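Structure record follows, encoded as structure tokens.
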Amino acid sequence: SNHFVVTMSEEKNESSWADMIKSIEKNKRQLSWDPAQVSPVQRVSLFERKRQERNFDPVSMKFTDSTKENLYQTAKQDRITNLSNSVQENRSKTFNIVSHEGPERKYQSTINAV
């Protein structure tokens, strides 16, 4: 449902109602982007899509390839361990919300990085 809005300046440039309608129709036929800059759509065959779907089992929520599943599980466990360690570290230290004294928080490392 493309809606076309005619501005007052466009209406004033046209000498008649027919000219305005012609210019509206012309504008509707012109693309608002440069077709040369748009990459073509890459078609994926049904065979390739089904092959990708078979890489992961949605019922067991695991990869069918055991090496890929092991890599994923170790990376997941590392993320959980790192998050748990950082939470425990922040809980063990006190942080004064008024004076901002205490362990370094995320926003401080972000400010220091900039």
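According to the numbering used here, numbering within the sequence shown proceeds without interruption in unit steps and concludes at 148.
Just so you know, even glycine gets a beta-carbon here, dropped at the ideal spot from N, CA and C.
Since the structure is predicted, the reported quantities are computational estimates derived from the model, not experimental observations.
Have a look at residue i and residue j and give me their C-alpha separation to the nearest angstrom.
| i | j | result |
| --- | --- | --- |
| Lys127 | Lys110 | 26 Å |
| Lys56 | Pro74 | 31 Å |
| Arg125 | Thr98 | 39 Å |
| Glu135 | Gln122 | 18 Å |
| Lys84 | Asn104 | 23 Å |
| Asn130 | Ser120 | 18 Å |
| Phe81 | Val72 | 26 Å |
| Gln64 | Gln76 | 24 Å |
| Val78 | Pro92 | 21 Å |
| Ser35 | Met95 | Caution applies to Ser35, whose pLDDT of 44 falls short of 50 and renders its modelled position unreliable; the model cannot decide the point. |
Hey, out of the options, whose CA is closest to residue i's CA?
| i | options | result |
| --- | --- | --- |
| Thr101 | Phe81, Asn89, Asn119, Ile58 | Asn89 |
Give me, in chain order, the residues of the same chain whose beta-carbon lies closer than 6 Å to that of residue i; leave out the 5 immediate sequence neighbours on both sides.
| i | result |
| --- | --- |
| Ala70 | none |
| Ile114 | none |
Counting only the same chain and skipping the five closest in sequence on each side, list residues whose C-beta sits under 8 Å from that of residue i.
| i | result |
| --- | --- |
| Tyr106 | Phe97 |
Under a Cβ-count criterion, where at least 16 other Cβ atoms within 10 Å of its own Cβ denotes burial, should residue i be classed as buried or exposed?
| i | result |
| --- | --- |
| Lys62 | exposed |
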